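Worksheet for the structure shown next.
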Amino acid sequence: MNRSEKMNGGVPSSELFELAKTLIPGGVSSPVRAIKPYPFYTERAEGAHLKTVDGTDFLDCCMAYGPLIFGHAHPAIRKAIQEQLERGWLYGTPTPLEPLFAKRVSQDHPGMDMVRFVSSGSEATMAAIRLARGFTRKNDIVKVEGGFHGAHDAVLVKAGSGATTMGVPDSAGIPAGIVAHTRQVPYNDPEALESLLSAHNDIAAFIIEPVLGNIGPVLPQDTYLQKVRSITKAHDVLLIFDEVITGYRVGIGGAQVKYGVKPDLTTLGKIIGGGLPIGAFGGRREIMELVAPQGPVYQAGTFSGNPLSLAAGMATIDRLHANRNLYHDLDGMTRALDESLVRHDQGSFVRLGSMFKYFFRSLPPQNYREVKECDTEAFQIFWKRMMGAGIFIPPSQYETNFLSAAHSDNDLSILTQAYQQCR
Ligand SMILES: *Cc1c(COP(=O)(O)O)cnc(C)c1O
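Residues in the sequence shown are numbered from -4 upward in steps of one, following this note's numbering.
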């Protein structure tokens, strides 16, 4: 009997999924995990590798969809969590970590004079949208087609990832009256934004993933984000950068530092929790001062600012500051992967630092419509071959793939070889 059989009583993934299907809708806790015919169940993870209950070792290029920039179970982050555990893990009172972590996040992001911690990225965007409405006293929001901001009513309109794959761009159960307040524009199209904002005067905010991460990466064209900034400013519309993926992923300070564009509000999540649940929203002081209890825009949460997530997040961000070369090194790895691919094929490789993806479309997509043109069948075949080669990439063609500090040179050569053989 091997180690994995001992730990779960020897129940294989196929059987666990049979049980899960009877108790959990679709057998999974989040739609994108519903791999056919059944998902593998992970028993443990370390560095860049996942070990399944079936005894398989996968090289992981999903990295929990973004949070794990130092890989799985990093010792320094584990230690921070353990040290906090010893002191308790939920108090219902402020902890010293909150002002310290808020200072760190605020100093790193030009667009975040003040910050409020919440428990997920979805919660952060929900609160940021309410705050934008409270501040501007306007009702509508604009989002980007294919932009994903979590699973709440206002933004579940042609969302990326799970929603796109499942073919339900609009969820059932959302009143038409709510979605009527959400307008959309194509990414990389400043003219569309300009004409929409010119035509309507009840728009509170434009919320955008500066780099589309949930159908991508789809990269911003040269001056797109700068234009977005000046157009929103001219129309008195708040600009919300949803940096839940890009925050600390494309560099310290996220996309707002990388592209030199200062939003009015910013949402964070994923990496800032070091692998534990977290979200944050922040922005200009005069806007943030409207958040309760300082102001009239209500926002609250039992687990907000919980010490375990903050401890793991602080350890992660400290480590990023101490290892700034990491971003350069990770960029070098995806560049090497890119350059190793033969050009005369049907796909395109898009990358930004440690974010990357092979699109089954001859030219890199510039927006949601072009992403939808990708060959889904070809992706499915590719995905199965990669799994066969021991490499786990997200099971949806719409998700970004990630590298981490834990991916070694050896992992990179295995990955390179797999890309050459599986496409
Ligand atoms: C993941 C993600 C969210 C949602 O965060 P959760 O923690 O899953 O609720 C929101 N916006 C973006 C850009 C994301 O990538």
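For every residue, glycine included, the Cβ atom is placed at its ideal position computed from N, Cα and C. Here the structure is a predicted model, which is why all the values come from computation and not from measurement.
Short CB-CB distance (under 8 Å) between residue i and chain B
i, result
"GLY168", "You won't find chain B in this structure, because it holds only one protein chain."
Residue i, enclosing alpha helix (DSSP H) - first and last residue
i, result
"ARG73", "70 to 81"
"ALA307", "302 to 317"
"LEU220", "219 to 229"
"LEU325", "320 to 335"
"LYS379", "371 to 383"
"ALA43", "Note, ALA43: premise wrong, no alpha helix (DSSP H); not H, not E."
"LYS138", "Here LYS138 belongs to no alpha helix (DSSP H); instead the beta strand (DSSP E) covers 135 to 139."
"MET283", "280 to 283"
"GLY129", "116 to 131"
"GLU93", "92 to 103"
"GLY172", "171 to 174"
"PHE298", "Where PHE298 is concerned, there is no enclosing alpha helix (DSSP H), given that its DSSP letter is neither H nor E."
"GLY249", "249 to 253"
"LYS16", "8 to 18"
"LEU192", "185 to 194"
Contacting residues, own chain, Cβ-Cβ under 7 Å from residue i (five flanking each side not counted)
i, result
"LEU419", "Limits of the chain in this structure are -4 at one end and 418 at the other, which puts residue 419 out of reach."
"LEU285", "LEU126, GLY129, PHE130, PRO291, VAL292"
"PRO258", "GLY106, LEU234, ILE235, PHE236, GLN251"
"TYR36", "SER8, LEU11, THR47, VAL48"
"LEU45", "THR37, PHE53, ASP55, PHE387"
"ARG39", "LYS46"
Burial state of residue i (16 or more Cβ within 10 Å)
i, result
"HIS104", "buried"
"VAL245", "buried"
"GLU118", "buried"
"ARG280", "exposed"
"LEU321", "buried"
"THR261", "buried"
"GLY162", "Annotation note: pLDDT 35 at GLY162 (below 50); position unreliable, coordinate value reported separately. GLY162 is exposed by the Cβ-count criterion."
"ASN318", "exposed"
"SER156", "Per-residue confidence for SER156 stands at a pLDDT of 48, beneath the threshold of 50, marking its modelled position as unreliable; no derived number is given."
"SER190", "exposed"
"ASP55", "buried"
"TYR353", "buried"
"GLY83", "exposed"
"ASP404", "exposed"
"TYR86", "exposed"
"ARG132", "exposed"
"GLU372", "exposed"
"ALA229", "exposed"
"ILE240", "buried"
beta-carbon residue i near ligand 1 non-hydrogen atom, thresh 7 Å
i, result
"ILE409", "no"
"ASN301", "no"
"ASP49", "no"
"VAL239", "yes"
"SER117", "yes"
"GLU78", "no"
"HIS104", "no"
"THR120", "yes"
"GLU204", "yes"
"GLY208", "yes"
"GLY145", "yes"
"LYS98", "no"
"LYS265", "yes"
"GLY269", "no"
"GLY172", "no"
"GLY296", "no"
"GLY443", "Past the edges of the chain, shown from -4 to 418, lies residue 443, and the structure says nothing about it."
Counterpart residues of residue i in DSSP-defined beta bridges
i, result
"GLY269", "LEU271"
"TYR414", "Answer by DSSP bridge pairing: none, since TYR414 is not bridged."
"SER343", "PHE354"
"PHE201", "VAL137, LEU234"
"ILE386", "LEU54"
"VAL286", "VAL292"
"ARG111", "PHE276"
"ARG28", "DSSP lists no partner for ARG28."
"VAL366", "DSSP, once it has assigned bridges, lists no residue as partnering VAL366."
"LEU207", "VAL213"
"ARG39", "LYS46"
The beta strand (DSSP E) enclosing residue i, as first and last residue numbers
i, result
"THR51", "Counting along the chain, THR51 falls outside any beta strand (DSSP E), and DSSP gives it neither H nor E."
"GLY264", "260 to 264"
"GLN179", "177 to 180"
"LEU233", "233 to 237"
Contact test: residue i Cβ vs ligand 3 heavy atom, cutoff 7 Å
i, result
"ASP148", "Absence of ligand 3 from the depicted structure is noted, with ligand 1 being the only ligands included."
Sequence-distant residues of the same chain with beta carbon closer than 6 Å to residue i, five excluded per side
i, result
"GLU140", "LYS153, GLN179, PRO181, TYR363"
"TYR254", "LEU220"
Own chain partners of residue i with C-beta closer than 8 Å, once the 5 adjacent residues on each side are dropped
i, result
"PRO89", "GLY300"
"THR160", "Interpretation of THR160 is limited by its pLDDT of 42, a score under 50 that renders its predicted location unreliable; the figure taken from the coordinates is listed afterwards. So the qualifying residues of the chain are PRO26, VAL27, SER391, GLN392, TYR393."
"ALA287", "TYR293, GLN294, ALA295"
"ASP135", "HIS176, THR177, ARG178, HIS195, ASP197, ILE198, ALA199"
"ARG(-2)", "Here ARG(-2) scores only 48 on pLDDT, less than 50, and its place in the model should not be relied on; the value that follows carries that caveat. Correct list: empty, nothing qualifies."
"ALA15", "GLY22, VAL23"
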